[in-house]
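Q: For the sequence shown, my numbering assigns the number 15 to the initial residue and increments by one for each residue that follows.
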Amino acid sequence: LKTFYQNYTSLGISAEDLIDRYTKSYYSQHKEIKVTKDEKLKSHINNPILINLIDEAIRFITHLRDLDNNSKFIPTYFEKSFGSKSGFSALPLTDTISLKGQVDRVDLYDNYFRIIDYKSGNADATFTELYYGKKLQLFLYALAIKNATGLIPSGTFYLPIQNVVEKSNSTDSVYKLTGFYTDNNDLADAYDINILSNLKSNFVNMTLKKDGTISKRSDKVLTSSQMELMMDYAKNLSVEALKEISLGKFN
């Protein structure tokens, strides 16, 4: 907790910053995460809000450990930029304007990748929000990574950072990945190595039918062509927004 304490007492450090620093350190050193509470250190912290944040960080990082230990996807890029000198290429929107950005995390498996965006607010995305242009970033991120790497997008997810204690009798994690993913049955156990036996994942919003194929009852399950259409729609809507802005329309 010493690192947590030092970072949280520094101005401008958020939960997302702390988590990113911790995961970068872990994966660069290829060490097993050991999450412990130092009660002696906590006894010297008189700020209840700070203690609450430390407990939140411990719960979240514990889940990150479990998420990655139960997945075949390998966390590969952290805070990966596109459109910068040290990052991937920018995403062209028009002949003169390209989109620059930064992705919290990109995981790779075989020829596939998934986007993970840490979210402290409403960690969900719907077709309605995409249609009205409220949450385009996940699909724009996916399109940028696809263009830069040539890999196949398998899913775009929010990973909620919520200061909520899980109920002891609940099988669902409050930190479960939420988002859209393709109906590629070969990737089911890449998301969760136990899903073939449990038929439901505790790490991603995915369930399987009894025959082991991905259930399509959720509107978050897309075909590969639908994933492409979603990415293209997000880009086209961004282009339309640029046209409106150039005409002085900001509503």
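The beta carbon of each residue, even a glycine, is placed where N, CA and C say it ideally should be.
If you follow the beta strand (DSSP E) that PHE127 is part of, which residue opens it and which one closes it?
A: Position 113 of the sequence shown, counting from 1, holds the residue named residue 127. From DSSP, the beta strand (DSSP E) with PHE127 extends over 126 to 133.
Q: In this structure, does DSSP put THR221 in helix, strand or coil?
A: Taking the first residue of the sequence shown as position 1, residue 221 is located at position 207. Reduced to three states, the DSSP call for THR221 is strand.
Q: With SER134 and ILE175 assumed to form a contact (beta carbons below 8 Å), what rounded beta-carbon distance in angstroms separates them?
A: Translated into the one-based positions of the sequence shown, residue 134 becomes position 120. Translated into the one-based positions of the sequence shown, residue 175 becomes position 161. Yes, they are in contact, since the Cβ atoms of SER134 and ILE175 sit about 5 Å apart, within 8 Å.
Q: Is it buried or exposed for TYR205, if we count other Cβ within 10 angstroms and need 16 for buried?
A: If you number the sequence shown from 1, residue 205 lands on position 191. So TYR205 counts as buried.
Q: Could you give the distance in angstroms between the alpha-carbon of GLY101 and the alpha-carbon of ILE159?
A: The residue given as residue 101 occupies position 87 in the sequence shown. The residue given as residue 159 occupies position 145 in the sequence shown. The alpha-carbon atoms of GLY101 and ILE159 are separated by roughly 10 Å.
Q: Out of TYR247, MET245, PHE217, point me to the one whose CA is closest to PHE87's CA.
A: Within the sequence shown, residue 87 is the residue found at index 73, counting from 1. Checking every option, the nearest Cα to that of PHE87 belongs to PHE217.
Q: Within its chain, find whatever has a CB closer than 7 Å to the CB of LYS45; leave out the 5 residues flanking it on each side and keep chain order.
A: Taking the first residue of the sequence shown as 1, we reach residue 45 at position 31. With a pLDDT of 48 at LYS45, under the threshold of 50, the modelled position of this residue cannot be trusted, and the question is left open.
Q: Confirm, please, whether the CB-CB distance from THR237 to SER229 is below 8 Å.
A: Here residue 229 corresponds to residue number 215 of the sequence shown, with the count starting at 1. Here residue 237 corresponds to residue number 223 of the sequence shown, with the count starting at 1. Not in contact: SER229 and THR237 (Cβ atoms no closer than 8 Å).
Q: If you follow the alpha helix (DSSP H) that LYS249 is in, where does it begin and where does it stop?
A: Position 235 of the sequence shown, counting from 1, holds the residue named residue 249. Its alpha helix (DSSP H) spans residues 238 to 260.
Q: Give the straight-line distance between the Cα atoms of LEU210 and SER112, rounded to the nearest whole angstrom.
A: Here residue 210 refers to the residue found at position 196 when the sequence shown is read from its first residue. Here residue 112 refers to the residue found at position 98 when the sequence shown is read from its first residue. So the alpha carbons of these two residues sit roughly 42 Å apart.
Q: Let me check one thing: in DSSP terms, what residues is GLN116 bridge-paired to?
A: Working through the sequence shown from its first residue, we reach residue 116 at position 102. Paired residue(s): SER95.
Q: Does DSSP classify LYS263 as helix, strand or coil?
A: Translated into the one-based positions of the sequence shown, residue 263 becomes position 249. Coil.
Q: Within a Cβ cutoff of 6 Å, which residues of the same chain sit near PHE171, ignoring the five residues on either side of it in sequence?
A: By 1-based counting over the sequence shown, the position of residue 171 is 157. Counting only Cβ-Cβ distances below 6 Å, and skipping sequence neighbours, we find ILE130, LEU191, GLY193.
Q: Could you work out which residue in ARG231, ALA162, TYR145 is closest to LYS94 when comparing CA atoms only?
A: Here the question's residue 94 lines up with position 80 in the sequence shown. The option with the nearest alpha carbon to LYS94 is ALA162.
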